[in-house]
Amino acid sequence: MALYIRRRNAGELSAGSMLTIGALYAAACLSKEHGTVLPALLLAAEMIVVVDSTPLRARLLALRPFALSLALVAVAFLAAHLHANQEITGFHPYVPFEVLGIGARGRIFTMAGLVPVWLRLFMWPLHLASEYGPPAYRIATGFQPYQLPGFIALGGVLGLGVTAWRRAPAVSFGIWVLVIALLPTSNFIVPAGILLSERTLFMPSVGAMIALAAIVPWLYWYARTRPVRIAEVAALVAALSFAAWRSMERTRVWKDNDTLFAATVVDAPFVYRSHFMLGAHKLNQRRMIEGEREYQAAIALYDRDPFVFYSLAEEYRLAGMHKAAVANYRRALAVDSTMYEAHARLALSLAGLERWPEANREAIIALSEDTRSSQAMLRVIRLVAAARRSTALVGVHSGESDTVQTAGKDSRKVPLAMQNPVPPAPVSAAAKNKPPVPQRLTPMP
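Terminal number for the sequence shown in our numbering: 450, no gaps in between.
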């Protein structure tokens, strides 16, 4: 972007510069989702900060070959992305949005309530967290009074971006860089896989800093006396020094998963995923009591995420605690009845409890939904049939020797191969419109 603005204002946008920008655009697309918005950023630069007396329409016509080359890069990237992910956006829907059936209207009202949080993170990110979500940050289905400051702030920022277009072009350009770079993950246009994440604010924060930096010369010019100017410079240096120190301190949180997940619970104690991820991490370390406690804290805060129940049920099942596993699989299915892998794992736990009719029913449901545990489900069905035959034999020969009874009991045991089934290649996520459910949760920062 800087290369484009410099070359355009110098009248030196050569074919080599265009090729360089095109190559950088391809690298940006492969690096981060925000890279795809570069053409929109260049258009904003052309309209706001490029100094050229030629009418805009004529300029755009002259730049048409360059624009077409960027469009070709974008189409190639989106085609490759679609081929690899079966989804054009690359995002799995945010779980609370999906479970609650939140559409575009609900997403807009939800994110309007988060506009003040965005502004705080752009202007003074003193308090940071790796998780943002309910119940600390509410999921809305319609307008609520708490969203009013967000709508006012959003209207004010957009209005300033328009009114400053001619009088303060750098301020206007910074605002539009912020807005354009934020749109892909804002939930305003397409549903993103997150509610809010600090890592998605890096590129938008560049726009915020451009707008702030454009104000500094204005403040210096209005400070007409030397003492005031010295005080302003000292305040700026102090603010930048404090921000650099705070950034260095915050970096230590990302040292390892132990540090990160423990800090997240402190930074965001009322976000259910903070406890969910810490609990999953503890259970992976075999610190079972601590992990279970964090899971229960997550459920107490927010009980509309089926993956919390599913993940906890998996841990119970793998530990042989089938009763607890059954209860949590059923709670996961009560929240999202289309989670077909929960039916499959529920069948395994029911088989472990020798509740054969229920296990048979869940195995059939899982098979009808193209489960990844199809071989294990077929074994469950065969075991159910064997259990029925043995029960019939016991009924006919109830007075005979204990040999038949022992054989019947042995036939009802769950084979080790079924206790930890190895699934085949996962079913296409696009075909089910849901992310594949992992057999065991591995937390990621």
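Built from N, CA and C at the ideal position, the CB exists for glycine as well.
Since this is a predicted model, take the numbers as computed values, not measurements.
Check whether residue i and residue j have beta carbons under 7 Å apart
{"i": "residue 342", "j": "residue 322", "result": "no"}
{"i": "residue 136", "j": "residue 278", "result": "yes"}
{"i": "residue 340", "j": "residue 311", "result": "yes"}
{"i": "residue 220", "j": "residue 179", "result": "no"}
{"i": "residue 13", "j": "residue 55", "result": "yes"}
{"i": "residue 374", "j": "residue 345", "result": "yes"}
{"i": "residue 99", "j": "residue 200", "result": "yes"}
{"i": "residue 174", "j": "residue 121", "result": "no"}
{"i": "residue 27", "j": "residue 78", "result": "yes"}
{"i": "residue 162", "j": "residue 169", "result": "no"}
{"i": "residue 34", "j": "residue 25", "result": "no"}
{"i": "residue 157", "j": "residue 46", "result": "no"}
{"i": "residue 101", "j": "residue 144", "result": "yes"}
{"i": "residue 49", "j": "residue 226", "result": "no"}
{"i": "residue 270", "j": "residue 288", "result": "no"}
{"i": "residue 138", "j": "residue 183", "result": "no"}
{"i": "residue 237", "j": "residue 228", "result": "yes"}
{"i": "residue 72", "j": "residue 273", "result": "no"}
{"i": "residue 300", "j": "residue 317", "result": "yes"}
{"i": "residue 327", "j": "residue 358", "result": "yes"}
Three-way DSSP call (helix, strand, coil) for residue i in this model
{"i": "residue 140", "result": "strand"}
{"i": "residue 276", "result": "strand"}
{"i": "residue 9", "result": "helix"}
{"i": "residue 227", "result": "helix"}
{"i": "residue 14", "result": "helix"}
{"i": "residue 267", "result": "helix"}
{"i": "residue 129", "result": "coil"}
{"i": "residue 151", "result": "helix"}
{"i": "residue 19", "result": "coil"}
{"i": "residue 197", "result": "coil"}
{"i": "residue 98", "result": "coil"}
{"i": "residue 315", "result": "helix"}
{"i": "residue 37", "result": "coil"}
{"i": "residue 421", "result": "In this prediction, residue 421 has a pLDDT of 45, which is less than 50 and means its spatial position is unreliable; nothing more can be read from the coordinates."}
{"i": "residue 377", "result": "coil"}
{"i": "residue 307", "result": "coil"}
{"i": "residue 395", "result": "helix"}
{"i": "residue 205", "result": "helix"}
{"i": "residue 29", "result": "helix"}
{"i": "residue 106", "result": "coil"}
{"i": "residue 24", "result": "helix"}
{"i": "residue 115", "result": "helix"}
{"i": "residue 145", "result": "coil"}
{"i": "residue 387", "result": "helix"}
{"i": "residue 291", "result": "coil"}
{"i": "residue 302", "result": "helix"}
{"i": "residue 286", "result": "helix"}
{"i": "residue 134", "result": "coil"}
Selected residue, minimal CA-CA separation from residue i, among the options
{"i": "residue 132", "options": "258, 169, 190", "result": "258"}
{"i": "residue 23", "options": "177, 183, 362, 74", "result": "74"}
{"i": "residue 187", "options": "366, 37, 21, 357", "result": "37"}
{"i": "residue 363", "options": "388, 16, 377, 378", "result": "388"}
{"i": "residue 360", "options": "232, 18, 390", "result": "390"}
{"i": "residue 378", "options": "139, 103, 349", "result": "349"}
{"i": "residue 146", "options": "112, 15, 371", "result": "112"}
{"i": "residue 7", "options": "265, 44, 35", "result": "44"}
{"i": "residue 126", "options": "72, 71, 337, 202", "result": "202"}
{"i": "residue 76", "options": "149, 249, 204, 30", "result": "30"}
{"i": "residue 97", "options": "197, 48, 229", "result": "197"}
{"i": "residue 218", "options": "396, 245, 337, 249", "result": "245"}
{"i": "residue 20", "options": "39, 64, 60, 70", "result": "70"}
Rounded distance between the beta-carbons of residue j and residue i, thought under 8 Å
{"i": "residue 306", "j": "residue 280", "result": "7 Å"}
{"i": "residue 368", "j": "residue 352", "result": "4 Å"}
{"i": "residue 347", "j": "residue 385", "result": "With a Cβ gap of about 15 Å, residue 347 and residue 385 do not count as contacting."}
{"i": "residue 114", "j": "residue 152", "result": "6 Å"}
{"i": "residue 159", "j": "residue 142", "result": "Residue 159 to residue 142, Cβ: 16 Å. No contact."}
{"i": "residue 210", "j": "residue 116", "result": "Not confirmed; about 17 Å, so no contact."}
{"i": "residue 303", "j": "residue 313", "result": "5 Å"}
beta-carbon residue i near the ligand ZN non-hydrogen atom, thresh 6 Å
{"i": "residue 97", "result": "In the structure shown, the ligand ZN is absent, as is every other ligand, since no ligand is present at all."}
Any chain B beta carbon closer than 7 Å to residue i
{"i": "residue 221", "result": "No chain B appears in the structure shown, which is made up of a single protein chain."}
Entirely within the region 157-195 and at least 4 residues each: give me those alpha helix (DSSP H) ranges in chain order. Within the region 157-195, the complete alpha helix (DSSP H) runs of at least 4 residues are 174-187.
Which ranges would you report for the alpha helix (DSSP H) in the region 39-73 if only whole runs of at least 4 residues count? The qualifying runs are 43-53, 61-67.
Please specify which runs of the alpha helix (DSSP H), each continuous and at least 4 residues long, are wholly inside the region 321-363, giving them in chain order. Runs of the alpha helix (DSSP H) lying entirely within the region 321-363, each at least 4 residues long, are 327-340, 345-357 in chain order.
Kindly provide the ranges of any alpha helix (DSSP H) runs that are 4 or more residues long and lie completely inside the region 207-258, ordered along the chain. Counting only runs of 4 or more residues that sit fully inside the region 207-258, the alpha helix (DSSP H) segments are 207-227, 231-256, in chain order.
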